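First comes the structure, then the notes that go with it.
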DNA sequence: TTAATTTCTTGATTTATATCAAGAGCAATA
DNA sequence: TATTGCTCTTGATATAAATCAAGAAATTAA
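Chains as they are written, first to last, in this note's numbering: chain A, 5 to 194; chain B, 5 to 194.
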């Protein structure tokens, strides 16, 4: 079983192995160079990708700065959900922080899965529901925690990220400036 | 067509009217008195409800205070998603801010819908995906806006709430203290 | 290896927001 | 109607975090 298939299985639950192979085969390898864009906001988002290696930064621009919404790493699925599912202009820009290897599936091929596997839409529903609860937790974090607490919580759960991507982006996705991030970090190191 | 059926149709898309009637009939009316609980965190959440009238406050307690995650009004579906779908202990407490009329469906009956209507899981997926994007927007708000901006944005989109529920809860769900809320409010009124 | 960028840190200062404390306005209750 | 709680407001003050500015450290490019 390929790594991609293993991840699909772990996210979407039990699927027959022959079906899993078919799903896996619909994903095509693709590389994005450091700094390259997986997606630009406003454009159509016609594919969903799985990160084999590397990091993608999901962000949007405001009047005065770029705000990082999330950083995706190996094992994550990445897309602009509303763009991919509802065929609306993408809400997010997505850029590679280092050379990044993906397995990518087009909307067209993705929709074949639902036709092929009867229970697919239900598994999808469950997957998105879990994503939903992750966002609920993030919101709760912003309602109930200080910048320092958010830093500590995120650090405990994502240590590996801290020496692999520019810290300013982590600062942004945690809702603080790079300066505040740096000061909080100094505290927790000593 | 009942109001409940209209809302189901608007959220879940086109469903045959005979099917819609069956779904509607699985929801049972239920009233929660002001201050009463729809759900307490840690308990099982065995039903999903639709608000016919009234307001429910979704919140959780931290060490030092209660944090309001959301306030649901007429036309909303309410549940603890992870409790209802994954049968885990509820993450949220949900309390009626005034006497509130619901149409409520048990998990058992809810699961019948999926058996009855082939495309139901797909419609559910799309519904939850839309909920997901709403949370994405909320997070982005916390990453990119000041308390005042969050107030103004929310006020523009939910004016009716401001004279119907205690403002302290709106303050909490926007991530600010009642005092800050009051000061921001004063500014925007004058 | 040096030069040029980019990223991170640090200090000084400002600003936004929280906290504390008191009182005012309302609504529920007796 | 008086009383008792809530809820909201307001002022004074404290604290967290942002901003501004400069330089150090680390990467990347030459």
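C-beta: ideal position from N, C-alpha, C; glycine also. These numbers come from a predicted model, not from an experiment.
Could you name the residues of the same chain whose beta carbon sits closer than 6 Å to that of residue i, not counting the 5 residues immediately before and after it, in chain order?
i, result
"residue 118 of chain A", "124 and 125"
"residue 175 of chain B", "182 and 185"
"residue 151 of chain A", "180 and 184"
"residue 188 of chain B", "152 and 155"
"residue 30 of chain A", "109 and 113"
For residue i, tell me which candidate among the options has the shortest Cα-Cα distance.
i, options, result
"residue 96 of chain A", "A:71, A:169, A:38 and A:9", "A:71"
"residue 108 of chain B", "B:81, B:132, B:102 and B:73", "B:81"
"residue 40 of chain B", "B:85, B:136, B:59 and B:65", "B:59"
"residue 2 of chain B", "B:27, B:100, B:74 and B:105", "Absent from the model: residue 2 of chain B. The displayed extent of chain B is 5 to 194, so no value can be given."
"residue 84 of chain A", "A:75, A:77, A:78 and A:98", "A:98"
"residue 105 of chain B", "B:122, B:128, B:120 and B:77", "B:77"
"residue 163 of chain A", "A:192, A:7, A:128 and A:144", "A:192"
"residue 38 of chain A", "A:157, A:147, A:100 and A:141", "A:100"
Determine the chain A residues that contact residue i at a beta-carbon separation under 8 Å, and present them in chain order.
i, result
"residue 39 of chain B", "In chain order: nothing, as chain A lies at least about 22 Å away."
"residue 136 of chain B", "85, 132, 135, 136 and 139"
"residue 176 of chain B", "147"
Who are the Cβ neighbours of residue i in its own chain at under 8 Å, not counting the five residues just before and after it?
i, result
"residue 24 of chain B", "5, 9, 12 and 13"
"residue 93 of chain A", "45, 46, 47, 48 and 87"
To the nearest angstrom, how far is it from the Cα of residue i to the Cα of residue j?
i, j, result
"residue 36 of chain B", "residue 54 of chain B", "12 Å"
"residue 62 of chain B", "residue 89 of chain A", "28 Å"
"residue 134 of chain B", "residue 91 of chain A", "13 Å"
"residue 33 of chain A", "residue 66 of chain A", "32 Å"
"residue 49 of chain A", "residue 68 of chain B", "43 Å"
"residue 57 of chain A", "residue 168 of chain B", "50 Å"
"residue 103 of chain A", "residue 115 of chain B", "44 Å"
"residue 137 of chain A", "residue 177 of chain A", "17 Å"
"residue 129 of chain B", "residue 122 of chain A", "14 Å"
"residue 144 of chain B", "residue 145 of chain A", "13 Å"
"residue 141 of chain A", "residue 160 of chain A", "15 Å"
Under 9 Å between beta-carbons, which chain B residues line up against residue i? List them in chain order, please.
i, result
"residue 71 of chain A", "144, 147 and 148"
"residue 94 of chain A", "Residues of chain B passing the Cβ test: none, with the nearest at roughly 12 Å."
"residue 12 of chain A", "Those do not exist, as residue 12 of chain A stays about 16 Å from chain B at its closest Cβ, beyond 9 Å."
"residue 75 of chain A", "Under the 9 Å cutoff, chain B gives no residues; its nearest Cβ is about 13 Å from residue 75 of chain A."
Mind pulling the chain B residues with CB within less than 8 Å of residue i?
i, result
"residue 179 of chain A", "146 and 147"
"residue 19 of chain A", "The contacting residues do not exist; residue 19 of chain A stays about 15 Å from chain B at best."
Residue i touches chain A at which residues, Cβ-Cβ below 9 Å?
i, result
"residue 27 of chain B", "Ordered by position in chain A, no residue passes the 9 Å Cβ test against residue 27 of chain B, which lies about 16 Å from the chain."
Show which residues of chain A have a CB atom less than 7 Å away from the CB atom of residue i.
i, result
"residue 98 of chain B", "Neighbours of residue 98 of chain B on chain A: none; closest Cβ ~13 Å, over 7 Å."
Report all residues from its chain with a CB closer than 7 Å to the CB of residue i; omit the five preceding and five following residues, and keep chain order.
i, result
"residue 131 of chain B", "15 and 16"
"residue 165 of chain B", "75, 77 and 174"
Inset, instruction - Closer than 9 Å, Cβ to Cβ, to anything on chain A: give me those residues from the segment 100 to 129 of chain B, in chain order. - result: Taking 9 Å as the cut-off between beta carbons, the residues of the segment 100 to 129 of chain B near chain A are 118, 122, 123, 124, 125, 126, 127, 128 and 129, in sequence order.
Inset, instruction - Could you run through the segment 51 to 69 of chain B and flag, in chain order, every residue whose CB is less than 9 Å away from some CB of chain A? - result: Those residues of the segment 51 to 69 of chain B that come within reach of chain A (Cβ to Cβ, closer than 9 Å) are 64, 66 and 69.
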